[in-house]
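Visitor: Encoded as structure tokens, here's the structure I'll be asking about.
Residue numbers (this note's numbering): 5 to 86.
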């Protein structure tokens, strides 16, 4: 009698454990992917296609442009600290 209840309880417990452990992993499987931008309509009524926005720029001058922009806004920008 006890073995029969153990054999029915064990698969149920293991199934529950697998479901709970797999559902707590909220990380996306694709680490290099970006975010999906939904199709939309602009103010002129033209539709924009949906696309994936990359997390990191693929432009070779991206770091140079970012540093140049940061330097500008730290030294001459509109919201410069005085």
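Even for Gly, the Cβ is constructed at its ideal location relative to N, Cα and C.
Can you tell me where the beta strand (DSSP E) holding residue 39 begins and where it ends?
Guide: 39-41
Visitor: Could you spell out the range, first to last residue, of the beta strand (DSSP E) harbouring residue 72?
Guide: First-last for residue 72: 66-79, but that is the alpha helix (DSSP H), not the beta strand (DSSP E).
Visitor: Within the same chain, show all residues whose beta-carbon is closer than 7 Å to that of residue 46, passing over the 5 residues directly before and after it, in chain order.
Guide: Hits under 7 Å: 52.
Visitor: Since residue 54 contacts residue 40 with CB under 8 Å, what's their CB separation in whole angstroms?
Guide: 7 Å
Visitor: Please determine, among 67, 17, 72 and 62, the residue with the shortest C-alpha to C-alpha distance to residue 37.
Guide: 62
Visitor: Could you tell me the alpha carbon to alpha carbon distance between residue 81 and residue 68, rounded to whole angstroms?
Guide: Taking the straight line from one Cα to the other gives about 18 Å.
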